[in-house]
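K.L.:
Protein chains in written order, with our numbering: chain C, 20 to 277; chain V, 14 to 289.
The beta-carbon is built from N, C-alpha and C at its ideal position, and this holds for glycine as well.
Next up is a structure, given as structure tokens.
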């Protein structure tokens, strides 16, 4: 945690930056067409938030993100663990996974629109393809990182296959999986937003696309700010979950006693 | 006394002195073309403490892993109490050289793991784990995670973890080699104390001849690898209970040390010449 003095400095930096930006737009140094004043962006956000329709946009993007996130991470963790446990399966599937992972996901968006329509599911599909590989590789690596001595010890103590998974493999992979779950949130949002941006009738990405369509830079900036807050909130929730799930890590202890 | 009572109090297979606790019969361990151990035959009687010494890389650990059922022999057989070892054997307890505790479990959860995995009821397993932690001098450390324990304390937890389910044979793979010398002496004495409470067959692998003599009833010397074989076995007629730190000063200990070292020395030199 930063000290109170550091907090003050952080606030000061923010005030100076925004103040300079505001002054530059007012004195005409910055063209408000390209760089709208922070106050204008703030007003725009306030205008959006007070509008009842805004909540619908947020909830749609949130739904797409959450669905894409859950499906993508679920598939990724499941398949990652399965391949981590079976080196043979991993060897066989390796080239396919490499090729699929090398496809730039954004170019899949038009395909998804064709397959799933302009609604919710084309965005979910895009988010899934982005999230899947991150959790997949992490879960796979996590399972393979298992300590041989710990594994043999558990086997000698009497663990069967399912018990090994529960008592050894999953806890080993947990920190890998959890860190990938953190990274994945951002990607799930990106998938949902890009999907919306490329073709939709609602959502935060749709708002940004609309603002861009009428050369409304204030709207685009407002959209960016709203999205950042959106991602930060999701990240906070995960942070909280992670702290409760992994209690045994050394650094956790250091934090608790500090 | 009825016939049924007699049958009940009759000898159990474990108690049969004719059947060795561990019987290693013409064991060959190989990895691809590399033969680690060739034609090794050894027996450990019930309640006997056997120490196996040999130079680095002589395949001592592969022998132990064959007894545990972690590795499959290329040829030959291993039997525990007359029954052949196929796959991981439930009758053994294993003390690893490395830190083999689950870092995500507390000391108590680590110790109770064996009984829990073997299907004992949780409450009973927990109570016994508590007893065992107290037995190894770690009462009050139940809720500590391994990273919160010292090296010696972690070894104590591992000792309790391996002994709690009363295995018939205890296997140890250089269990104390990572500890500092004082902690090692303490742990060795501790081990002997626990073992004396209920004597079972022990196979200890070590490269430390002092440890082998101080702990063992018998010391087996393996030759330098590859294709390592048995060079000889030596009885250690030192009195028990032993104090590990002090026994090393006794003249009889030194005699035995000199005698076995002459046998081991040649193998160590061969092994050193190979790796140079």
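#1: Would you identify the three-state DSSP class for residue 38(V), choosing helix, strand or coil?
#2: Leaving out five residues on either side along the sequence, give the residues of the same chain with a beta carbon under 6 Å from the beta carbon of residue 23(V).
#3: Under three-state DSSP, which class holds residue 295(C)?
#4: In chain order, what residues of the segment 100-125 of chain V put their CB closer than 9 Å to some CB of chain C?
#5: At a Cβ cut of 9 Å, what residues of the segment 137-154 of chain C count as close to chain V, listed as they run along the chain?
#6: Skipping 5 residues on each side, what residues in its chain have a beta carbon closer than 6 Å to that of residue 31(V)?
#7: Does any CB atom of chain V fall closer than 8 Å to the CB of residue 175(C)?
#8: Identify the residues that DSSP records as bridge partners of residue 47(V): which are they?
#9: Tell me which residues share the same chain as residue 95(V) and place their Cβ nearer than 6 Å to its Cβ, disregarding the 5 neighbours each side in the sequence.
#10: Roughly how many angstroms lie between the CA atoms of residue 125(V) and residue 174(C), to the nearest whole one?
#11: Determine the DSSP secondary structure at residue 54(V), reduced to helix, strand or coil.
#12: Cβ of residue 128(V) within 8 Å of Cβ of residue 177(V)?
#13: Please tell me whether residue 296(C) has its Cβ less than 8 Å away from any Cβ of chain V.
#14: Closer than 9 Å by beta-carbon distance: list the chain V residues that pair up with residue 190(C), in chain order.
#15: Who are residue 247(V)'s beta bridge partners in DSSP?
#16: Among residues of its own chain, excluding the 5 on either side of residue 101(V), which ones have a beta-carbon nearer than 6 Å to its beta-carbon?
#17: Using the beta-carbon of each residue, which ones in chain V are nearer than 8 Å to residue 225(C)?
#18: Taking residue 161(V) as the reference, give the member of 115(V), 149(V), 186(V) with the closest Cα.
#19: Can you list, in chain order, the residues of its chain with a C-beta nearer than 6 Å to that of residue 94(C)? Leave out the 5 residues immediately preceding and following it.
#20: Compute the beta-carbon to beta-carbon distance between residue 53(V) and residue 242(V), rounded to the nearest angstrom, for a pair I have assumed lies under 8 Å.
#21: Between the C-alpha atoms of residue 276(V) and residue 246(V), what's the straight-line distance to the nearest angstrom?
#22: Can a CB atom of chain C be found closer than 8 Å to the CB of residue 141(V)?
#23: Does any heavy atom of the ligand ZN sit closer than 7 Å to the C-beta of residue 94(C)?
#24: In the DSSP assignment, find the alpha helix (DSSP H) that holds residue 254(C) and state where it starts and stops.
#25: Do residue 280(V) and residue 237(V) come within 8 Å of each other at the CB atom, strictly closer than that value?
#26: Kindly provide the ranges of any beta strand (DSSP E) runs that are 3 or more residues long and lie completely inside the segment 106-161 of chain C, ordered along the chain.
#27: Where does residue 107(V) sit, in a helix, a strand or coil, going by DSSP?
#28: Whose C-alpha, out of 121(V), 149(V), 99(V), 151(V), is nearest the C-alpha of residue 139(V)?
#29: Going by C-alpha to C-alpha distance, which of 198(C), 238(C), 135(C) sits closest to residue 153(C)?
#30: With three or more beta-carbon pairs closer than 8 Å as the criterion, would you say the segment 194-214 of chain C touches the segment 70-89 of chain C?
#31: Enumerate in chain order the residues of its own chain whose CB-to-CB distance from residue 242(C) is below 7 Å, with the five nearest sequence positions on each side excluded.
#32: Can you give me the start and stop residues for the alpha helix (DSSP H) that residue 27(C) sits inside?
#33: Strictly under 8 Å for the Cβ-Cβ distance: is residue 29(C) near chain V by that measure?
#34: For residue 187(C), which residues in chain V fall below 8 Å Cβ to Cβ?
#35: List the endpoints of the continuous alpha helix (DSSP H) containing residue 268(V).
#36: DSSP three-state call for residue 116(V): helix, strand or coil?
P.N.:
Here's the rundown:
#1: Here residue 38(V) is taken as the residue at index 25 of the second chain, counted from 1. Note: residue 38(V) maps to strand in three-state DSSP.
#2: Taking the first residue of the second chain as position 1, residue 23(V) is located at position 10. Residue placement at residue 23(V) is flagged as unreliable, the pLDDT there being 40, under the threshold of 50; a coordinate-derived value is accordingly withheld.
#3: Residue 295(C) lies beyond the range of chain C shown here (20 to 277); nothing can be said about it.
#4: Listed in sequence order: 101, 102, 103, 105, 106, 107, 109, 110, 111, 112, 113, 114, 115, 116, 117, 118, 119.
#5: Residues passing the 9 Å Cβ filter: none.
#6: In the second chain, counting from the first residue as 1, residue 31(V) sits at position 18. Within the same chain, residue 31(V) has no close Cβ partners at all.
#7: Here residue 175(C) corresponds to residue number 156 of the first chain, with the count starting at 1. So, interface residue.
#8: In the second chain, the residue the question calls residue 47(V) occupies position 34. Answer by DSSP bridge pairing, in chain order: 44(V).
#9: Position 82 of the second chain, counted from the first residue, corresponds to residue 95(V). Cβ neighbours of residue 95(V) beyond the five flanking positions: 32.
#10: The sequence position of residue 125(V) within the second chain is 112, counting from 1. The sequence position of residue 174(C) within the first chain is 155, counting from 1. When the Cα atoms are used, residue 125(V) and residue 174(C) turn out to be separated by approximately 14 Å.
#11: Residue numbering aside, residue 54(V) sits at position 41 when the second chain is read from its first letter. In the structure shown, residue 54(V) adopts extended strand secondary structure according to DSSP, grouped into three states.
#12: Counted from its first residue, the second chain places residue 128(V) at position 115. Counted from its first residue, the second chain places residue 177(V) at position 164. Yes, the pair counts as a contact, with Cβ atoms nearer than the cut-off.
#13: This structure does not reach residue 296(C), given that chain C is present from 20 up to 277, and the question cannot be answered.
#14: The residue given as residue 190(C) occupies position 171 in the first chain. Taking a Cβ-Cβ threshold of 9 Å, the residues of chain V close to residue 190(C) are 115, 116, 117, 118, in chain order.
#15: Along the second chain, read from residue 1 onward, the residue named residue 247(V) stands at position 234. Answer is 232(V).
#16: Sequence index remark: in the second chain, residue 101(V) carries index 88 (1-based). 82.
#17: Stepping through the first chain from its first residue, residue 225(C) is reached at position 206. None at all; the shortest Cβ gap to chain V is about 44 Å.
#18: What you label residue 161(V) is simply residue 148 of the second chain in a count that begins at 1. Nearest C-alpha to residue 161(V): 115(V).
#19: Position 75 of the first chain, counted from the first residue, corresponds to residue 94(C). Counting only Cβ-Cβ distances below 6 Å, and skipping sequence neighbours, we find 151.
#20: Numbered from 1 along the second chain, position 40 holds the residue referred to as residue 53(V). Numbered from 1 along the second chain, position 229 holds the residue referred to as residue 242(V). Contact holds; Cβ gap of about 6 Å.
#21: Position 263 of the second chain, counted from the start, is the residue given in the question as residue 276(V). Position 233 of the second chain, counted from the start, is the residue given in the question as residue 246(V). Cα-Cα distance, rounded: 10 Å.
#22: Against the second chain, residue 141(V) aligns to sequence position 128. Interface flag for residue 141(V) against chain C is unset, since no Cβ pair is found closer than 8 Å.
#23: Looking for the ligand ZN in the displayed structure turns up nothing, as the structure carries no ligands at all.
#24: The residue labelled residue 254(C) in the question sits at position 235 within the first chain. Where residue 254(C) is concerned, the enclosing alpha helix (DSSP H) stretches over 236-264.
#25: Counting from one through the second chain, the residue named residue 237(V) turns up at place 224. Counting from one through the second chain, the residue named residue 280(V) turns up at place 267. Against a cut-off of 8 Å, the Cβ pair of residue 280(V) and residue 237(V) comes out as a contact.
#26: Segments of the beta strand (DSSP E) lying fully in the segment 106-161 of chain C: there are none.
#27: Within the second chain, numbered from 1, the residue matching residue 107(V) stands at position 94. It is a strand residue.
#28: The sequence position of residue 139(V) within the second chain is 126, counting from 1. If we check each option's Cα against that of residue 139(V), 121(V) comes out closest.
#29: The residue given as residue 153(C) occupies position 134 in the first chain. Out of 198(C), 238(C), 135(C), the CA that lies nearest to the CA of residue 153(C) is found in 198(C).
#30: Contact annotation: the segment 194-214 of chain C touches the segment 70-89 of chain C, with at least three C-beta pairs closer than 8 Å.
#31: Taking the first chain and counting its residues from 1, one reaches residue 242(C) at position 223. Here the set comprises 223, 226, 227, 230.
#32: Counting from one through the first chain, the residue named residue 27(C) turns up at place 8. Segment 23-45, the alpha helix (DSSP H) holding residue 27(C).
#33: Start at 1 with the first residue of the first chain, and residue 29(C) comes out as number 10. Closer than 8 Å: no.
#34: To locate residue 187(C), count along the first chain from 1; it is residue 168. Using a Cβ-Cβ cut-off of 8 Å, residue 187(C) is close to 115 of chain V, given in chain order.
#35: To locate residue 268(V), count along the second chain from 1; it is residue 255. Residues 264-288.
#36: For this step, residue 116(V) is matched to residue 103 along the second chain. Residue state, collapsed to three classes: coil.
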